[in-house]
Amino acid sequence: LEIHARGETEVAVRRLQRAGANHVTAVYLTAGQRAAASILQPTVVDVLEISRPRQGAPVDLEEIRVAAGSRLIGCGLAAVEADVPGVRVVALKRAGESVRVVPEPGTAVGTDDHLVVIGDRGPLQRLAELASAKADVAR
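For what it's worth, the numbering used here labels the leading residue of the sequence shown as 28, then goes sequentially.
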């Protein structure tokens with residue numbers, strides 16, 4: 028069970044974390060950091076806007092979970108990217124491990140891996156279908 032919470036102050040954030048929340052968002056703190064980043068690194072902020080689903084450009088940053096029975100299991104990330112042109116795996120999260128940013132191309136996909144992928148919406152949808160348990164997805 029993942030617990031997500033919102034705290035208004037730094038004290039509230041610490042209390043929520045001590046109470047067991049896995050993820051705590053401090054809206055005002057986050058907004059302030061984002062405002063500063065937009066001044067110091069405007070292009071980085073523009074790229075991060077892609078992570079907001081269905082906003083503007085037909086490019087998204089998505090998290091795709093690989094289900095048991097997926098035909099992606101055992102494939103290297105380079106092969107996955109070659110099989111679905113228009114997507115790039117930018118991070119990989121496995122249970123019990125920290126997030127791997129820019130994972131090695133030869134890394135084999137496993138059951139319950141979470142792939143963070145950037146790309147056009149059409150190819151992202153195709154990759155999500157391949158990651159599902161439906162191993163017979165047509166090209």
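Quick reminder that beta carbons are idealized off the backbone N, C-alpha and C, glycines included.
Quantities reported herein were computed from a predicted structural model and do not represent experimental measurements.
query: Three-state secondary structure assigned by DSSP to Ile-66; result: helix
query: Three-state secondary structure assigned by DSSP to Ala-46; result: coil
query: N- and C-terminal bounds of the beta strand (DSSP E) containing Glu-156; result: Segment 148-158 is the alpha helix (DSSP H) holding Glu-156; no beta strand (DSSP E) there.
query: Residue from Gly-113, Ile-145 and Thr-138 with nearest C-alpha to Val-128; result: Ile-145
query: Where Ala-106 sits in the DSSP three-state scheme; result: helix
query: Between the CA atoms of Thr-36 and Gly-133 - distance to the nearest angstrom; result: 43 Å
query: Counterpart residues of Ile-145 in DSSP-defined beta bridges; result: Leu-88 and Arg-115
query: Where Val-51 sits in the DSSP three-state scheme; result: strand
query: Residue range of the unbroken beta strand (DSSP E) whose run includes Gly-34; result: 31-34
query: Simplified DSSP assignment, three categories, for Val-40; result: helix
query: Simplified DSSP assignment, three categories, for Arg-61; result: helix
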